[in-house]
Amino acid sequence: MVSEPAIMPPPTPATWRRFLARKRGLAGSIILTILIGIAIFAPVIASDQPIVCRHKGTLHFPALVDVLHRLPFASSVIEKSPPFNRADYDPKSNAEQYEFVVWPLIAISPTEITRDALQPPSSQHWLGTDGSGRDIASRMVHGAAVSVQVGIVSMSIAALIGIVVGAVAGYSGGWLDAILSRFIEIVICFPEFFLILCMMVWVQPSIVNVMIIVGLTRWTTIARFTRGEFIKLRSREFVTAAHAIGAGSTRVMFRHLLPNALAPVLVTIVFGVANAILIEAGLSWLGFGVQPPNPSWGGLLRDAYTNIRVAPHMVYPPCVAIFVTVLACNLAGDALREALDARDPTTTRKASEA
Amino acid sequence: MIRTAINRLLLGIVTVACVYTVTFVMVMIVPGNPFAAGERNMPSEVLSALEARYDVNNPVRYFGQFLAGAVRFDFGPSFQYRDWTCTQIIAQSLTVSATLGFLAILIAVAVGVPIGVFSAMNRGKWFDHAALGFALLGVSLPTFVTGSFLLIVCGVFLKWFPVGGWGTLGHIPLPAITLSLPFIAYVARLTRAGMLDALSGDFVRTAIAKGAPHREIIWKHVFRVAFLPVLSYIGPAAAQAMTGSFVVEKVFGVPGIGQHFVNSALNLDRGLILSTVLVFAVMLVVFNMVVDVVYMYVDPRVRNG
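Chains as they are written, first to last, in the numbering used here: chain A, 4 to 357; chain B, 233 to 537.
Okay, here's the thing in structure tokens:
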């Protein structure tokens, strides 16, 4: 195709402007921003705890505290507010106790079991209820947090492994490259679901383990692209120059080569997030992901399938949510690739194997 | 050229051997007894007799035995489906999955390549946008959504096809189409990107300058180059498609091999785990090798370089 291997320039502010100037990039990033917002503020949007309330003269922010409690180590700094009970709350009888209360938009906990099971959407339950009478809207909101977490954390792990393996292989070449490339090829040779399931036999199915395992198995594409870029770049003048002024291998690899190799890797990572979200949904659908009663989109879909004849309304929310999220990632990835002037990831496969 | 081919073959064998060893070690150190999964505890004599029959307590011998058998396509007995050998299970389910997968890839190329070519020719026009939108849908919709949708529309409402199952010709189209959707989308995108890339090449300008007919330039010069990335994608994609998809099989009730990847791991069915993983690895390696060989014919740079 082209004799001189084209390198993509590293991302600059202009890249982001180009990215956002594209309708696809804009749409994708708006959807993803909203989604991340929903994920972070899930307890404020859907919870049985009030956002703000004045109880016996003191102000409390139970739902906001729940948001902060999701951060690591925060629980040791901020004290959890005393639980408020939505069922006990009655504006008439304990009006003197609660001077004012602001409830979340969906004032039901995602795990609260009620007697109205399998209800179609109504003003009380916006998306209806599931087999145990839990509010689907509330579960969807908290499921978004799971998907976003899985997408971001697992791809961070995958990116870390993939970039390091690919960088070392591409930079050093020779026998180390041969061994690492073989290693990558061997990992690819395992059926994806099988590898994840095998690891699941070892550890308890939970969201943290899903994130780790998806991260540990999905790094191969990232490694291949990093390697390909490094091979293209390592004979350039700036690398020789860096060596000449006495920069060590690690410094050349990560300070000089990596920023220049990052563009196509970034695109792969964005597409990888979409993939990770689909894998999590699939795993939860099979019952190996997030364990009930904790909500996740795959789990909701699983519940929907068991009740599909009685309550077909349950199928739509998780389907639409998964689709929109994956679509947003793909839109963003597409626009990012165009903004970076990158090629389609798979077209560079041969180049990276050269 | 022959040296390269032999090299690839040897490397492929090494890869498969490594995959086998790693899987074997994983299977052996996984906690849990494949025979203890029953509802009632069996008498210890029965258990030890079973363990002796399946050679559970001598991993080293089992390693060699399984490998020796596998080379002759004899994968030994299944630990879970006791009346079946793994070879029978795989032969039966792989036929089903390979049929579906082959058709899916065929559809993907037959539909995806023309879409890609025409959208590259009409870059920025409505066809291009429509094709890109379609490709985006195909990549973003999970197969459990598209599959269920096709099943409900074409199976339940329109009654064109039977609702799930396997055995007649009518059972084939829906799962094959479902399976092919993401592949169509990918092939179309790759073809389009390859065409656009090739159209900007110097040789195209030369061909136009020497007055070659438009049609000939597109199909003889540009398409040949543009098809290369598609080709390298089809190799692993075919291996993937032909070894079945658990989700598609579950939605349509197809007795393919995809379910065995999942179920064997859940049942700790060592024989079936090893054989399914081996089948997948061998298919992936073989398909990649076939692609490499075809590459050598199509791309003179690879042939001589």
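Glycine is no exception: its CB is placed at the ideal position from the N, C-alpha and C atoms.
CB-CB under 7 Å to Val483 of chain B, same chain, minus the five flanking residues each way: which ones, in chain order?
Taken in chain order, the residues that qualify are Phe376, Gly379, Ser380, Leu383.
Quick one: what's got a C-beta closer than 7 Å to Gly2 of chain A's C-beta in the same chain, skipping five residues either side?
-> Outside the modelled stretch of chain A, which goes from 4 to 357, sits residue 2 of chain A, for which no answer is possible.
* To do: Might you give, ordered along the chain, the residues of its own chain that have their beta carbon closer than 6 Å to the beta carbon of Ile347 of chain B, omitting 5 neighbours on each side?
  => Excluding sequence positions up to five before and after Ile347 of chain B, its CB lies within less than 6 Å of the CB of Ala363, Ala420, all in the same chain and listed in chain order.
Consult DSSP for Val105 of chain A and reduce its assignment to one of helix, strand or coil.
Reduced to three states, the DSSP call for Val105 of chain A is strand.
Item to check | Gly285 of chain A: contacting residues in chain B (beta-carbon distance under 7 Å) | outcome: The contact set of Gly285 of chain A on chain B, defined by CB atoms closer than 7 Å, consists of Val479 in chain order.
Just to confirm before moving on: does the CB-CB distance between Ala161 of chain A and Gly231 of chain A stay below 8 Å?
Annotated as distal: Ala161 of chain A and Gly231 of chain A, with beta-carbon spacing of 8 Å or more.
Margin query: Output needed for Pro113 of chain A: all residues of its chain with C-beta closer than 6 Å, excluding positions within five of it in sequence on either side, in chain order.
Written below: So the qualifying residues of the chain are Ser141, Arg142, His145, Pro298.
Requested in this report: Go through the segment 343-385 of chain B residue by residue and report every complete run of the alpha helix (DSSP H) that reaches 4 residues or more, in order.
Outcome: The segment 343-385 of chain B contains, as complete alpha helix (DSSP H) runs of 4+ residues, the segments 358-372, 375-382 (chain order).
| Can you tell me whether DSSP reads His246 of chain A as helix, strand or coil? | Residue state, collapsed to three classes: helix.
*Return helix, strand or coil for Arg118 of chain A, following the three-state DSSP convention.*
Coil, per DSSP.
### Sequence-distant residues of the same chain with beta carbon closer than 7 Å to Val526 of chain B, five excluded per side
By the criterion of a C-beta distance shorter than 7 Å, Val526 of chain B is surrounded in its chain by Leu463, once the five residues flanking it on both sides are discounted.
**Prompt:** Using the beta-carbon of each residue, which ones in chain B are nearer than 7 Å to Leu260 of chain A?
**Reply:** For the C-beta of Leu260 of chain A, not a single chain B residue is nearer than 7 Å; the gap to the nearest is close to 25 Å.
Inter-stretch contact at 8 Å, needing at least 3 Cβ pairs: the segment 299-319 of chain B / the segment 507-514 of chain B
When Cβ pairs closer than 8 Å are counted between the two stretches, the segment 299-319 of chain B is seen to touch the segment 507-514 of chain B, the count reaching three or more.
request  = Output, in chain order, the set of chain B residues within a Cβ distance shorter than 8 Å of Ile189 of chain A.
outcome  = Per Cβ cutoff of 8 Å: Thr247, Cys250, Val251, Val254.
* Check whether His338 of chain A and Arg20 of chain A have beta carbons under 8 Å apart -> It should be noted that the sequence gives Ala, not His, for residue 338 of chain A. No, Cβ-Cβ distance for Ala338 of chain A and Arg20 of chain A is not below 8 Å.
Self-check item: Among B:Leu373, B:Ile339, B:Ile450, the one whose alpha carbon lies nearest that of Phe435 of chain B
Solution: Phe435 of chain B has its Cα closest to that of B:Ile450, out of B:Leu373, B:Ile339, B:Ile450.
Assumed close pair Ala284 of chain A, Pro374 of chain B - CB separation to whole angstroms, cut-off 8 Å: Rounded to whole angstroms, the Cβ separation of Ala284 of chain A and Pro374 of chain B is 7 Å, and the two are in contact under 8 Å.
- Message: Taking its Cβ as the centre, do 16 or more other Cβ atoms sit within 10 Å of Gly399 of chain B, making it buried, or is it exposed?
- Response: The residue in question, Gly399 of chain B, is exposed, as its Cβ has fewer than 16 Cβ neighbours within 10 Å.
With contact counted as at least three CB pairs below 8 Å, one residue from each stretch, are the segment 469-489 of chain B and the segment 314-332 of chain B in contact? Because the criterion of three Cβ pairs below 8 Å is met, the segment 469-489 of chain B and the segment 314-332 of chain B touch.
Helix, strand or coil for Ala338 of chain A? Go by DSSP, reduced to three states.
Reduced to three states, the DSSP call for Ala338 of chain A is helix.
Discussion item. 8 Å is my cut-off, CB to CB: does Phe493 of chain B come that close to chain A?
Written reply: With its beta carbon less than 8 Å from one in chain A, Phe493 of chain B belongs to the interface.
task = Let me know the alpha helix (DSSP H) ranges lying completely inside the segment 423-502 of chain B, each 4 residues or longer, listed in chain order.
result = Within the segment 423-502 of chain B, the complete alpha helix (DSSP H) segments of 4 residues or longer fall at 434-441, 455-474, 478-484, 490-499, listed in chain order.
Q: Would you please verify whether the beta carbon of Phe295 of chain B is less than 8 Å from any beta carbon of chain A?
A: So, not an interface residue.
Practice item. Find the residues of chain B that neighbour Val329 of chain A, judging by a C-beta separation of less than 9 Å, and give them in chain order. Key: Near Val329 of chain A (Cβ distances below 9 Å), the residues of chain B are Val371, Ser372, Leu373, Pro374.
message: Tell me whether the segment 287-294 of chain A and the segment 207-217 of chain A touch, counting them as touching only if at least three CB pairs, one residue from each stretch, are closer than 8 Å.
response: Three or more pairs of CB atoms, one per stretch, sit closer than 8 Å, so the segment 287-294 of chain A contacts the segment 207-217 of chain A.
Item checked: Phe326 of chain A: contacting residues in chain B (beta-carbon distance under 8 Å) -> Residues of chain B passing the Cβ test: Ser372, Leu373, Pro374, Val377.
Going by C-alpha distance, which of A:His72, A:Phe22, A:Ala314, A:Asp133 is nearest Ala45 of chain A? If we check each option's Cα against that of Ala45 of chain A, A:His72 comes out closest.
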